[in-house]
């Protein structure tokens, strides 16, 4: 038996012993998702226990080094862990922007002290992070951001406004792009700062979206004092980090299309709409669209896997994440359009218990942001055209 | 298994492509078309191709083949798609070789496989009876008589049927047209009495034929595989051929796209190269995304066929469906972005458009396979 197979058996035994049975039920709604942080209220003791156990093991971030709170696993081992968790139906113990975005950036660009201070707390779910990127006048043209940080000896003073700050009202710390050189070209005057959201001068205001929910906030900075040690990377070198981190954000958004164990759409349609004497969904035009969607969905999932495989053998192309982001976002929008068609009038229910407070309709509306956030679909196509196809301009 | 080609497969791809670009550029197909060549492909090219071991890609070593897998067959089909090289690879090395290897008797294998691997024997699968691909509907009758069979019926879209040495005929020895049981495969020499062949030159300048069988007598030794059990054998082999056609379509899409991209970087209008226009950039970027996503699905479906040869693989239908629509998009964008010159026969992009449509149609188009996907997935 090879090492990986031994590891698989150990993982399975550990998960079977340590994962509470409640944490092996499918996630019912957003409240079942654990984001961690100082303000997080656990839904159950099982949820708390599961996070603690996985955090201690470092398996909330399996591939991070052990000295920073990670599991120290190889890619192959981490894949085995994911597969075994899926096989047992274990919920993801913790998800956060710290894991998906800041962590990888700190591992690459952070000082030793920054890594030791922040990474273990991300891994254990103690600190929840939000991302301060977009501004009212810096959306697709992110590099034109105007939030300023003025250097005052051992600290910076930050002033300005961010928008579309996901979960800023629930987050403990922010990683933030600020302008530190107003004379330089727009890409070269930006720095990357970390600070506590409880610092005096930080305030947030949730924005109500078309889904009726408020996952995003406006965030205001009014003479916020940030220690110099919280600068990541070089002064005015923040754009490099921002781009690196955006690649991870794109991968995260593109993964939305494939995350979680939802029932296959075709069978959902069959069960909801009934079938004809040949066992086919009793709505032929819809059935055809669902089949096309499912085919694109499975192909997209495989393209994501292939991108990882290529990266592993050193043939990965960073800009390919733009292909996945573009396609994954559009795919998820198609998914929800079809779910609305399958659900009919029931899917329109907005407040009933039956509809879990309009989960389908709200999810449908939420999905419209997929092709806007993290760089619009149009921006992704610009990146593909320029970086992958070598077309000029853009 | 990682969804990438391994080093040996990459070498195969590079050597096949180098050989085909050198010996069989699109100009060869054009010449065969314009001279109304009776064979429709170059016999010498096929012998050279066989000499490189490519004709025996799916034939066991003991019968003179190179005994590689479906992934390798796909690698070769992709190269054929890029160059549009006219060969009987599909009819003979894919369909004929895999049917005979998997279902043939020892005598049939010993007689046919070494000759196929050497490029000296051609086969053609006579399966379709209607213009639409409906493999489950088979009406051609094989009636038992004097210890043998008498075949009556008609087939269409028999690829390389006018030139094949052996026709592999899908017939029915019992049951009604749509009955899954009762399908039997027969090996019929092309020159047999009662076999009437009409060559049908197709839009892509490749060969097909309409074949009529009138009281064609074959002996019991002509049966390939189990009497009445042909449906299951066909399913497996059709899936191998479909996955390989998907590779051909990826090759076509890739080549059409690369040529178009090159044109976008050269052609000037309004004082700019047209590749500077965002309207075209976004369409090119979208097409690139479609091709790369299709490529992953096609390769994985072939890996699955190699891993579990006896399992039905729904992913093959996903791959063929996507490859068909991706290649269709690629050639349409190719012609459109080339503008007027793309419409001329002198220019080669049109050859890719025609072949894409034929490869899309062969063994089930996008609609057929989306339907089949839904059926296999239980809805």
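Residue numbers (my numbering), protein chains in the order written: chain W, 161 to 554; chain E, 2 to 380. Ideal placement from N, C-alpha and C gives every residue a C-beta, glycine not left out.
Figure out for me which residue from the options has the closest Cα to the Cα of residue i.
i, options, result
"residue 440 of chain W", "E/21, E/377, E/232", "E/377"
"residue 394 of chain E", "E/47, E/76, E/61", "Lying before the first or after the last residue shown, residue 394 of chain E is absent from chain E, which here runs from 2 to 380."
"residue 183 of chain E", "E/198, E/41, E/213, E/228", "E/228"
"residue 295 of chain E", "E/22, E/317, E/129, E/225", "E/317"
"residue 185 of chain E", "E/224, E/9, E/217, E/214", "E/224"
"residue 43 of chain E", "E/30, E/309, E/35", "E/30"
"residue 283 of chain E", "W/242, W/544, W/168", "W/544"
"residue 171 of chain W", "W/188, W/217, W/186, W/208", "W/217"
"residue 93 of chain E", "E/169, E/72, E/255", "E/169"
"residue 59 of chain E", "E/302, E/310, E/360, E/107", "E/310"
"residue 376 of chain W", "W/336, W/366, W/387, W/481", "W/366"
"residue 38 of chain E", "E/201, E/379, E/263", "E/201"
"residue 255 of chain E", "E/301, E/324, E/278", "E/324"
"residue 447 of chain W", "W/498, W/408, W/483", "W/498"
"residue 295 of chain W", "W/288, W/308, W/490, W/283", "W/308"
"residue 84 of chain E", "E/14, E/139, E/35, E/135", "E/14"
"residue 536 of chain W", "W/485, W/371, W/199", "W/485"
"residue 340 of chain W", "W/315, W/360, W/359", "W/315"
"residue 347 of chain W", "W/303, W/317, W/255, W/310", "W/303"
"residue 57 of chain E", "E/233, E/99, E/366", "E/99"
Which residues in chain E have a C-beta closer than 8 Å to the C-beta of residue i? List them in chain order.
i, result
"residue 452 of chain W", "322, 371"
"residue 538 of chain W", "283"
Using a cut-off of 7 Å between C-beta atoms, extract the partners of residue i located in chain W.
i, result
"residue 249 of chain E", "The premise fails here: residue 249 of chain E is roughly 17 Å from chain W at the closest Cβ pair, so nothing lies under 7 Å."
"residue 301 of chain E", "462"
"residue 262 of chain E", "549"
"residue 294 of chain E", "459, 460, 463, 487"
Report all residues from its chain with a CB closer than 7 Å to the CB of residue i; omit the five preceding and five following residues, and keep chain order.
i, result
"residue 419 of chain W", "Because the pLDDT of residue 419 of chain W is 46, which lies under 50, any placement of that residue in the model is unreliable, and the number read from its coordinates should be weighed accordingly. So the list is empty, once near-sequence residues are dropped."
"residue 290 of chain W", "257, 325, 326, 327, 328, 331, 334"
"residue 476 of chain W", "467, 470"
"residue 547 of chain W", "479"
"residue 496 of chain W", "523, 524, 527"
"residue 205 of chain W", "none"
"residue 428 of chain W", "502"
"residue 434 of chain W", "442"
"residue 240 of chain W", "164, 167, 168, 171"
"residue 80 of chain E", "14, 17, 18, 21, 252"
"residue 280 of chain W", "228, 229"
Below 7 Å on C-beta distance, what does residue i contact in chain E?
i, result
"residue 503 of chain W", "Under the 7 Å cutoff, chain E gives no residues; its nearest Cβ is about 16 Å from residue 503 of chain W."
"residue 478 of chain W", "Correct list: empty, because the minimum Cβ distance to chain E is about 15 Å."
"residue 553 of chain W", "277"
"residue 532 of chain W", "Chain E residues near residue 532 of chain W: none, gap ~16 Å exceeds 7 Å."
"residue 455 of chain W", "319, 322, 323, 371, 374"
Can you list the residues of chain W that residue i reaches, using a CB-CB cut of under 9 Å?
i, result
"residue 297 of chain E", "459, 460, 461, 462, 463, 464, 465, 466, 467"
"residue 289 of chain E", "483, 544, 545, 548, 549"
"residue 265 of chain E", "549, 551"
Can you find the residues in the same chain that come closer than 8 Å, C-beta to C-beta, to residue i, ignoring five residues on each side of it along the sequence?
i, result
"residue 167 of chain E", "97, 113, 122, 123, 124, 125, 188, 189, 190, 191"
"residue 184 of chain W", "248, 249, 250, 251"
"residue 357 of chain W", "290, 328, 331, 332, 333, 334, 364"
"residue 175 of chain E", "182, 183, 229"
Between which residues of its own chain and residue i is the CB-CB distance below 6 Å, once the five residues before and five after are set aside?
i, result
"residue 379 of chain W", "322, 325, 328, 364"
"residue 82 of chain E", "249, 252, 253"
"residue 405 of chain W", "261, 265"
"residue 151 of chain E", "144, 216, 218"
Please report the Cβ distance between residue i and residue j, rounded to the nearest whole angstrom; I am assuming they are in contact, meaning their Cβ atoms lie under 8 Å.
i, j, result
"residue 257 of chain E", "residue 332 of chain E", "5 Å"
"residue 355 of chain E", "residue 247 of chain E", "In fact, because the Cβ distance is near 18 Å, the residues do not count as touching under 8 Å."
"residue 27 of chain E", "residue 304 of chain E", "That pair is no contact at about 30 Å."
"residue 86 of chain E", "residue 459 of chain W", "With 8 Å as the limit, residue 86 of chain E and residue 459 of chain W do not qualify as a contact, their Cβ atoms being about 27 Å apart."
"residue 360 of chain E", "residue 329 of chain E", "Contact flag wrong, Cβ pair sits at about 10 Å."
"residue 89 of chain E", "residue 47 of chain E", "6 Å"
So with CB distances below 8 Å, who are the chain W contacts of residue i?
i, result
"residue 379 of chain E", "426, 427, 430, 439"
Can you name the residues of chain E whose CB is closer than 9 Å to the CB of residue i?
i, result
"residue 448 of chain W", "368, 371, 372, 375"
"residue 228 of chain W", "Here the premise fails: no neighbours, minimum Cβ distance about 28 Å."
Under 6 Å: does the beta carbon of residue i sit that close to some heavy atom of the ligand GDP?
i, result
"residue 528 of chain W", "For the structure depicted, the ligand GDP is absent and the ligand set is empty, with no information on it obtainable."
Ranges of the alpha helix (DSSP H) found wholly within the stretch 292 to 332 of chain W, counting only runs of at least 4: none
Segments assigned beta strand (DSSP E), at least 3 residues, entirely inside the stretch 144 to 210 of chain E: 149 to 156, 167 to 173, 184 to 190, 196 to 202
Uninterrupted alpha helix (DSSP H) stretches inside the stretch 402 to 474 of chain W (no shorter than 4 residues): Runs of the alpha helix (DSSP H) lying entirely within the stretch 402 to 474 of chain W and spanning at least 4 residues, in chain order: 425 to 433, 444 to 472.
Every unbroken alpha helix (DSSP H) within the stretch 209 to 258 of chain W, with a cutoff of 4 residues, ordered by chain: 235 to 248
4 or more residues per run - each alpha helix (DSSP H) lying fully within the stretch 467 to 539 of chain W: DSSP runs (the alpha helix (DSSP H)) wholly in the stretch 467 to 539 of chain W: 480 to 508, 519 to 527.
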